[in-house]
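A short write-up of the structure that comes next.
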Amino acid sequence: MQFQEGKSIFLQIADTITEKVVSGEFPAGGKIPSVRELAAAMGVNPNTVMRTYSELQSMNIIENQRGIGYFVNPEAKKIILKDKRQEFFDKVLPEFLRQAALLGISAEELKKHLETSNGTI
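Numbering-wise, full-length UniProt numbering puts 72 at position 72 of the sequence shown, and it's gapless, one number per residue.
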């Protein structure tokens with residue numbers, strides 16, 4: 001995995017896991033890789049993955065079944081989508097609108113581009 005500067009590696013790994021939950025690659029109730037497996041696959045220290053898993057547990061995205069492993073919370077997708085939507089409206093959209101205003105892009109122009117994007121945003 002290629003990591004970006006400016007954001008902690010454990011948070012980038014958490015983002016990757018949440019994307020896999022939303023996409024269905026990690027289904028609700030399904031087992032996810034062990035700390036050691038994921039650390040080896042991503043080329044990071046197991047402590048980094050442990051920190052990721054602790055963060056995801058605190059967000060109720062994953063659950064630890066002692067002696068068995070980590071599993072996706074049945075409500076994880078719903079929780080992630082709620083959080084990501086809120087983040088979009090609080091952070092991404094205001095910045096997008098600021099940039100559009102700086103470039104002189106009107107609401108009508110934006111609407112036209114959204115309508116011609118064939119339903120993909």
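All residues carry an ideal CB built from backbone N, CA and C; glycine is no exception.
Quiz prompt | Residues near residue 36 by beta carbon distance below 7 Å, same chain, minus five either side | solution = Working through the sequence shown from its first residue, we reach residue 36 at position 36. Correct list, in chain order: 46.
Quiz item: With DSSP run on the structure shown, which of helix, strand or coil describes residue 158?
Solution: With the chain running from 1 to 121 in the structure shown, residue 158 is simply not present.
Quiz prompt | DSSP state of residue 44 mapped onto helix, strand, coil | solution = Position 44 of the sequence shown, counted from the start, is the residue given in the question as residue 44. Note: residue 44 maps to coil in three-state DSSP.
Self-check item: Straight-line Cα distance separating residue 2 from residue 62
Solution: Translated into the one-based positions of the sequence shown, residue 62 becomes position 62. Translated into the one-based positions of the sequence shown, residue 2 becomes position 2. Each residue's alpha carbon lies about 24 Å from the other.
Quiz item: Would the region 104–114 and the region 59–74 be scored as touching if the rule is three or more Cβ pairs under 8 Å?
Solution: Short answer: they don't touch.
Quiz prompt | C-alpha distance - residue 5 paired with residue 16, whole-angstrom precision | solution = The sequence position of residue 5 within the sequence shown is 5, counting from 1. The sequence position of residue 16 within the sequence shown is 16, counting from 1. Rounded to the nearest angstrom, the gap between the Cα atoms of residue 5 and residue 16 is 16 Å.
Quiz prompt | Closest Cα partner of residue 183 within the set 12, 48 and 22 | solution = Coverage of the chain is limited to positions 1 through 121, which leaves residue 183 absent and any answer about it impossible.
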